[in-house]
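**Q**
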Amino acid sequence: MIRIPTKIRYGTRAMLDLGLNYGNGLILLKEIAKRQEISVGYLEQIIPGLKAAGLVNSSRGAHGGYVLAKEPADITLKEIISALEGPLSLVECISDPDSCERADICITRDIWDDLGAIIDDFLLSITLQQLIGKYRSKQRSCSLMYNI
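Counting with our numbering, you get residues 5 to 152 for the letters of the sequence shown.
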């Protein structure tokens, strides 16, 4: 089973939180941590990668915090994942063909390469703005069900 690392899941949730608050000024990590139920310490490990990739800006001091560096519609899920984990590579021989003597003749390598391309295209097609829309839709649905 292919598993998505916690770093990607939590990083995506942190970006979603910043996206939901886009335009509301700087957001404290402890606020994101509380809303997303992620420890501040873990967020402190995630944020530097997002900053280095140009997805998040920060400001220090008493009124400091974090904000998206770009509009949510201009941030893809692929960018978020790449910022947190680096380029997607399902098997080592895709990113480093020299690591396998059979790379030139291996049929399964081609399968994993094709699958990686499909996943890349899928992740490129999803923007943070779309995730925000889905989140708000889900919130409305849950709210309606709760009120019935």
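Don't be surprised by glycine CBs; every beta carbon is placed ideally from N, CA and C. Owing to the predicted nature of the structure, the values given are computational and were not obtained by experimental measurement.
Cβ atoms of L30 and V71: under 7 Å apart, would you say?
**A** yes
**Q** So, A77 versus Q143, is the Cβ gap smaller than 7 Å?
**A** no
**Q** Please confirm if the stretch 81-88 is in contact with the stretch 8-17, defined as three or more CB-CB distances below 8 Å between the two stretches.
**A** yes
**Q** Based on the DSSP secondary-structure assignment, which residues constitute the bridge partners of I31?
**A** Y70
**Q** Is the Cβ of T10 closer than 7 Å to any Cβ of chain B?
**A** Within the model displayed, chain B is absent; a lone protein chain is all it includes.
**Q** Kindly provide the ranges of any beta strand (DSSP E) runs that are 3 or more residues long and lie completely inside the stretch 54-111, ordered along the chain.
**A** 60-63, 69-72
**Q** What does the Cβ neighbour count give for V44, buried or exposed, with the cut at 16 atoms within 10 Å?
**A** exposed
**Q** Can you tell me which of R106, D125, I50 puts its alpha carbon nearest to the alpha carbon of A37?
**A** Checking every option, the nearest Cα to that of A37 belongs to I50.
**Q** Pull the bridge partners of T16 from the DSSP assignment, please.
**A** DSSP lists no partner for T16.
**Q** Leaving aside the five residues before and after E89 along the sequence, list all residues of the same chain whose C-beta is less than 7 Å from its C-beta, in chain order.
**A** P9, K11, I12
**Q** Could you name the residues of the same chain whose beta carbon sits closer than 7 Å to that of A73, not counting the 5 residues immediately before and after it, in chain order?
**A** G58, L59, V60, N61
**Q** T112: buried (16+ other C-beta within 10 angstroms of its C-beta) or exposed?
**A** By the 10 Å Cβ count, T112 comes out exposed.
**Q** Please work out which residues of its chain come closer than 8 Å, Cβ to Cβ, to Y139, disregarding the five sequence neighbours upstream and downstream, and give them in chain order.
**A** L20, L24
**Q** Is it buried or exposed, L81, if we count other Cβ atoms within 10 angstroms and call 16 or more buried?
**A** buried
**Q** Please classify G69 as buried or exposed, where buried requires at least 16 neighbouring CB atoms within 10 angstroms.
**A** buried
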